[in-house]
Every structure is written in C-alpha cells, then in structure tokens.
Amino acid sequence: MTIGKNGLFIPGPLVLSKLRDHFRQTYMLNETQIETMLASSSQSLEHALSSAGEILKEPEDNERLVAFFHGLKGLLLNMGETEWATYIKAIENKLAAGGRIDYATVIGIIEGGLGEILSYNGGDGAKSGFSQNVSPEKSR
Numbered sequence: 014m015t016i017g018k019n020g021l022f023i024p025g026p027l028v029l030s031k032l033r034d035h036f037r038q039t040y041m042l043n044e045t046q047i048e049t050m051l052a053s054s055s056q057s058l059e060h061a062l063s064s065a066g067e068i069l070k071e072p073e074d075n076e077r078l079v080a081f082f083h084g085l086k087g088l089l090l091n092m093g094e095t096e097w098a099t100y101i102k103a104i105e106n107k108l109a110a111g112g113r114i115d116y117a118t119v120i121g122i123i124e125g126g127l128g129e130i131l132s133y134n135g136g137d138g139a140k141s142g143f144s145q146n147v148s149p150e151k152s153r
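For what it's worth, this note's numbering labels the leading residue of the sequence shown as 14, then goes sequentially.
As structure tokens, then:
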C-alpha cells in the first residue's frame, strides 16, 4: 500500500492467483467455475468503470457518485478484495460528507490496480475511456 495524492492508502495491485484462491475457498468452486467467475468479474468491473464516464459528467450529482462507488465497493467485496473495497469506501465516505476528489486520478488508480482482472479473457486492459478525459475543473 502507498499513500495517494488524496491522502488515501492505495492497495497493491489485484493478483489473479489470489482471486482464484478466494473463489475456490470461499465459494468452493471448481476450476471451470472459477474461470467463469473470473470472466464475469472482469465484465462486471469493465461495465461499472465504463459507466463512470456518464455518471461523472455531472460531478455535482453527489447521490449518483456515492451510489457508483458503493456499487463498485460491493463488486470488490464479492471478489474478496477487501483492501480495494476499503479504498473505495473511503472515497464513498468522503463524497457522502461533501468532500472533493480528483476523479481522473481516482479512476486511473482503480484501473491500474485492477488491471489484471480487467484485462482477463478479452478485457480492454483496464481502460474505461474516462480517466484521461476528465478535466481538473470537473473534479470534486
């Protein structure tokens, strides 16, 4: 873990072998089922991150922002990624309290840290197409 510009601890990158172990031990899945879960997790995260661009076009809509990060946190908890879920929860709490974040930086950190699962099975390499296109004045 490192500390980002926003003062939050940034978890280390997701490791696919750890995720496989989580699915095997927590859900008692066989290898075929694990592969299905990895592909499904990748698709769910890609979908969530690709929707970020639309949601974040309205940075003053705090309810939608909190809901977006809350949903992302839930996906990560189901994957056993408690450190990443804690990072997202801190962002969610900051927004719920009326705080500001640099969306491009935060989404870039998330995409980078989750890159291994996002690029799994035909994923696009963890790019929502959003983090490079958010100008600082739209940050909250």
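Using N, Cα and C, we set each Cβ at its ideal position, and we do this for glycine too. For clarity, every value in this text was computed on a predicted model and none was experimentally measured.
Put simply, the region 48-60 does not touch the region 107-116. Fewer than three CB pairs are less than 8 angstroms apart.
By the CB criterion at 8 angstroms, Gly128 and Pro26 fall inside the cutoff.
The C-beta distance from Leu69 to Tyr116 rounds to 5 angstroms, short enough to fall under 8 angstroms. The continuous alpha helix (DSSP H) containing Tyr100 extends over residues Thr95 to Ala109. By the neighbour-count criterion, in which a residue is buried when 16 or more other Cβ atoms sit within 10 angstroms of its Cβ, Lys31 is exposed. For Met50, the enclosing alpha helix (DSSP H) starts and ends at Glu44 to Ile68. By the neighbour-count definition (other C-beta atoms within 10 Å, threshold 16), Met92 is a buried residue. Per DSSP, reduced to three states, the secondary structure at Ile23 is strand. From the listed residues Leu21, Arg77 and Leu29, the smallest Cα separation to Glu94 is found for Leu29. Cβ-Cβ distances below 7 angstroms link Leu42 to Phe36 and Met50 in the same chain, with the five nearest sequence neighbours on each side left out; the list follows chain order. In chain order, Leu27, Leu29, Leu32, Leu51, Ser54, Ser55, Leu58, Met92 and Gly136 place their CB closer than 8 angstroms to the CB of Ile130, counting only its own chain and leaving out the 5 sequence neighbours on each side. CA-to-CA, the gap between Ile23 and Gln38 works out to about 26 angstroms. Tyr40 counts as exposed, since fewer than 16 other C-beta atoms from the protein chains shown sit within 10 angstroms of its C-beta.
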